[in-house]
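Participant: The structure's right below; bear with me while I get my questions together.
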Amino acid sequence: MSEFTKLQDRVTPFPFDQVEEIIRQELKGEISTFFSEFSPEPIGSASIAQGHHARLLDGSEVFVKIRRPGIEESIRADLEILAILADFLEKHNAEIRFLQPSRIVAEFSRSLEDELNLDLEYSNICRFARQFKGREGLVVPKVYPRLCTPKILTMEFIHGCKGTDLEQIDAIGIDRKKISALGAELLLEQFFVHGFYHADPHPGNVFILPGDRICYVDFGQIGRCSLEERECFARLLVAVVRRQEKTAARLLLRLSEFQEEPNQESIERDLAAYIDRFLYRPLRELRVSSAVQEFYQLCQRHQLGLKPHIYLILKAMGVSDEMGRQLDPEFNILEHLQPFIRKAVLRSFNPVMRARRMREISDEMLELLRGFPQRQRIFWRQLLEGRLVLNQQLIGLEQSQRLFNHACNRLCLALVQVGLLSASAIIIHARIGPKLWDIPIIGLIGIILSCVLFAAMVFDMVHTR
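Each residue of the sequence shown is one higher than the one before, starting from 2 at the first, in the working numbering.
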């Protein structure tokens with residue numbers, strides 16, 4: 002059985018004449034110039050692209066992924082609307098502001114732009130192949146660079162089955178325990194060793210092949226993480242296992258983004274409760290996806306935004322754990338995590354690595370010192386020319402401004418009331434104009450209005466207290 006998914010979610014395919022036109026424009030020739038066979042019916046169709054089975058002139062079986070016409074303009078318009086909504090929520094909703102929706106939309110936009118560029122996916126596959134060259138048990142699809150553009154990706158056609166198709170897996174003689182362990186080790190190796198990893202390893206993107214081999218497809222979503230952050234993440238996991246709440250809280254803050262300084266003691270208490278909830282369970286009862294979900298909720302309570310690559314690897318670990326359990330009920334990805342964490346932590350104490358890091362820090366400090374005189378000259382020149390601009394943000398200014406405006410309104414109302422009362426008293430004393438019960442009517446109306454204004458002021462003061 003051969004399947005390709007991300008193209009798994011069925012969307013109405015675009016017509017074959019548009020496929021021909023895209024190939025003609027991108028590859029500068031007719032389909033017959035490059036392919037001996039090309040199926041008009043797509044294997045799968047998704048919102049971004051659709052895929053066709055084809056054969057090259059030399060008989061090689063290939064999968065041709067073609068970007069949907071007009072999708073770039075459509076997505077750009079949708080993203081502009083999302084950006085406006087995110088900006089509105091960030092300005093007017095304090096409960097959502099800490100999540101930094103504008104930053105999330107910006108990250109999402111970059112991710113979508115990467116997925117739209119099939120030439121970038123081609124580069125990702127090439128790097129992945131070089132990264133795992135000779136790795137036993139892993140197959141990386143061959144790509145054909147002369148048939149790849151930002152709108153077209155041509156790669157080897159993979160005959161395999163999805164990780165959730167248990168009947169087909171058993172039919173081709175796969176060792177379930179071995180293949181689930183291999184999947185976990187490949188994911189952890191991608192993150193902890195290389196810092197370049199497939200960020201969307203759901204069952205439709207992971208093929209299982211005869212001979213207990215795994216093949217990843219759809220390299221549109223790729224995660225990247227620096228060595229320093231990988232080591233920090235490994236030390237965070239160690240601190241959680243050792244029940245070191247203070248260390249875990251400090252490391253969590255290093256891996257998070259926040260607008261206001263969080264309460265570290267409160268985070269430590271929540272981490273201690275989190276550890277008690279999950280750490281002492283038998284591994285076979287521990288669902289990584291549930292643990293990850295509660296960890297997200299902990300971060301949200303303290304208005305911490307996990308850095309995107311940390312979020313992606315946690316999500317990928319949860320998905321990999323669920324898929325592994327379907328293959329092998331006794332599987333748990335945490336059992337395979339320990340050796341990678343140990344190596345990452347030991348690497349941070351390696352004298353060679355420490356010397357390299359010290360050299361990097363020294364280079365950064367030297368570069369900073371070199372640029373200091375120029376920055377000083379720019380500062381003083383702008384100051385002397387009156388072009389220095391200081392940007393400042395006063396937290397809580399909007400509320401203070403509302404209170405100030407309200408107080409001014411009360412003061413104006415009080416002045417009007419006092420003026421009206423004084424004028425009415427003068428009119429009554431001078432006995433000017435027509436009278437009612439021997440009292441000037443204009444003065445009487447003024448007295449009544451001033452009493453109404455006074456009552457309104459008293460009511461407003463009591464109501465807003």
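No residue lacks a Cβ here, since even glycine has one placed at the ideal position from N, Cα and C. Computed from a prediction, not measured in an experiment: that's the story for all the values here.
Evaluate Pro-146 with the Cβ neighbour count: other Cβ atoms within 10 Å of its Cβ, from every protein chain shown; 16 or more gives buried, anything less gives exposed.
Facilitator: So Pro-146 ends up on the exposed side.
Participant: Quick one: measure Cβ to Cβ for Arg-285 and Asn-333, integer angstroms, because I've assumed they're closer than 8 angstroms.
Facilitator: At roughly 6 angstroms, the Cβ-Cβ gap stays under 8 angstroms, so Arg-285 and Asn-333 are in contact.
Participant: Could you tell me the distance, in whole angstroms, from the CA atom of Leu-478 to the CA atom of Gly-221?
Facilitator: No information on residue 478 is available, as it lies outside the stretch 2 to 466 that the chain covers here.
Participant: Looking only at its own chain, which residues have a Cβ that is under 7 angstroms from the Cβ of Ile-209, when we skip the five neighbours before and after it?
Facilitator: Correct list, in chain order: Gly-161, Cys-162, Gly-164, Ile-170, Ile-175, Ile-180, Ile-215.
Participant: What does the Cβ neighbour count give for Ala-317, buried or exposed, with the cut at 16 atoms within 10 Å?
Facilitator: Counting Cβ neighbours within 10 Å, Ala-317 comes out buried, since at least 16 surround it.
Participant: CA-CA distance, Ser-110 and Val-194?
Facilitator: Taking the straight line from one Cα to the other gives about 28 angstroms.
Participant: Please classify Glu-246 as buried or exposed, where buried requires at least 16 other C-beta atoms within 10 Å of its C-beta.
Facilitator: Its Cβ being crowded by 16 or more others within 10 Å, Glu-246 is buried.
Participant: Considering Gln-51, what are the terminal residues of the beta strand (DSSP E) in which it resides?
Facilitator: From DSSP, the beta strand (DSSP E) with Gln-51 extends over 50-57.
Participant: Would Gln-26 be called buried (16 or more neighbouring beta carbons within 10 Å of its own) or exposed?
Facilitator: Per the 10 Å Cβ criterion, exposed.
Participant: Quick one: grab the DSSP three-state call for Leu-39.
Facilitator: Reading the sequence as shown, one finds Phe at residue 39 and not Leu. In this structure, Phe-39 counts as strand in the three-state DSSP scheme.
Participant: Whose CA, out of Val-289, Trp-381, Thr-13, Leu-384, lies closest to the CA of Leu-338?
Facilitator: The shortest C-alpha separation from Leu-338 is found at Val-289.
Participant: Sort out for me which residues DSSP pairs Met-318 with in a bridge.
Facilitator: Note: Met-318 sits in no beta bridge, so no partner.
Participant: Out of curiosity, what's the CA-to-CA distance linking Gly-212 and Phe-15?
Facilitator: Going from the Cα of Gly-212 to the Cα of Phe-15 covers about 37 angstroms.
Participant: So which of Ile-49, Cys-226, Met-366, Glu-31 has the shortest CA-CA distance to Tyr-312?
Facilitator: Out of Ile-49, Cys-226, Met-366, Glu-31, Cys-226 has the C-alpha closest to the C-alpha of Tyr-312.
Participant: Over the uninterrupted alpha helix (DSSP H) stretch that includes Gly-184, give me the two end residues.
Facilitator: Note, Gly-184: alpha helix (DSSP H), 177-190.
Participant: For Ala-240, which residues in the same chain have their Cβ closer than 7 angstroms to its Cβ, ignoring the five residues on either side in sequence?
Facilitator: Same-chain partners within the cutoff: Thr-248, Ala-249, Leu-252.
Participant: For Phe-36, which of Val-65, Gly-52, Ile-49, Phe-17 has the nearest alpha-carbon?
Facilitator: Closest by alpha carbon: Val-65.
Participant: Is it right to say Thr-6 is buried, meaning 16 or more other beta carbons lie within 10 angstroms of its own, or is it exposed?
Facilitator: Interpretation of Thr-6 is limited by its pLDDT of 41, a score under 50 that renders its predicted location unreliable; the figure taken from the coordinates is listed afterwards. So Thr-6 ends up on the buried side.
Participant: Between the alpha carbons of Met-366 and Arg-376, how many angstroms are there, rounded?
Facilitator: Their backbone Cα atoms lie some 15 angstroms apart in a straight line.
Participant: Using only the alpha-carbon positions, how far apart do Arg-382 and Glu-368 sit?
Facilitator: Rounded to whole angstroms, Arg-382 to Glu-368 spans 22 angstroms at the Cα level.
Participant: Give the secondary structure of Cys-162 by DSSP, where H, G and I count as helix, E and B as strand, and everything else as coil.
Facilitator: Three-state DSSP puts Cys-162 in a strand.
Participant: Tell me the residue span of the beta strand (DSSP E) that contains His-203.
Facilitator: Note, His-203: premise wrong, no beta strand (DSSP E); not H, not E.
Participant: Output the distance between the C-alpha atoms of Leu-8 and Leu-139, rounded to the nearest integer angstrom.
Facilitator: In this prediction, Leu-8 has a pLDDT of 43, which is less than 50 and means its spatial position is unreliable; what the coordinates show is noted afterwards. Answer to the nearest angstrom: the Cα atoms are 22 angstroms apart.
Participant: Please classify Ile-173: does DSSP put it in a helix, a strand, or coil?
Facilitator: Correct three-state label for Ile-173: coil.
Participant: Compare the Cα-Cα distances from Cys-149 to each of Arg-77, Ala-182, Glu-261, Ile-67 and report the closest residue.
Facilitator: Selected option, being the one with the closest Cα: Ile-67.
Participant: Just the Cα atoms here: how many angstroms apart are Tyr-198 and Glu-386?
Facilitator: In a straight line, the C-alpha of Tyr-198 is about 51 angstroms away from that of Glu-386.
Participant: Identify the continuous alpha helix (DSSP H) that holds Phe-129 and give its terminal residues.
Facilitator: Residues 119-132.
Participant: Can you tell me whether Ser-3 is buried or exposed? The criterion is at least 16 other CB atoms within 10 Å of its CB, across all chains shown.
Facilitator: Confidence at Ser-3 is low in this model, with a pLDDT of 41, below 50, so its placement is unreliable and the value that follows should be read with caution. Per the 10 Å Cβ criterion, exposed.
Participant: Identify the residues that DSSP records as bridge partners of Cys-216: which are they?
Facilitator: According to DSSP, which records beta bridges pairwise, Cys-216 is partnered with Val-140, Phe-208.
Participant: Does the separation of the CB atoms of Arg-244 and Ile-276 fall below 9 angstroms?
Facilitator: Yes. Within cutoff.
Participant: Cα-Cα, which of Phe-259, Val-12, Gly-372 is closest to Pro-102?
Facilitator: Minimum Cα distance to Pro-102 is reached at Phe-259.
Participant: Distance check for Ala-273 and Met-156, CA to CA, integer angstroms please.
Facilitator: Rounded to whole angstroms, Met-156 to Ala-273 spans 49 angstroms at the Cα level.
Participant: Near His-53, what residues of its chain come up, given a Cβ to Cβ distance below 6 angstroms and the 5 sequence neighbours on each side ignored?
Facilitator: Excluding positions up to five away in sequence, the list reads Ser-40, Pro-43, Val-65.
Participant: Once the 5 residues before and after Ile-223 are set aside, which same chain residues still bring their CB inside 8 angstroms of it?
Facilitator: The answer, listed in chain order, is Asp-115, Asn-125, Phe-197, Tyr-198, His-199, Ala-200.
Participant: Can you tell me whether Val-20 is helix, strand or coil according to DSSP?
Facilitator: The answer is helix: DSSP assigns Val-20 an H, G or I state.
Participant: Here's a check: name, in chain order, each residue in its chain whose Cβ is nearer than 7 angstroms to the Cβ of Glu-38, leaving out the five neighbours to either side.
Facilitator: Contacts found: Ala-55, Arg-56.
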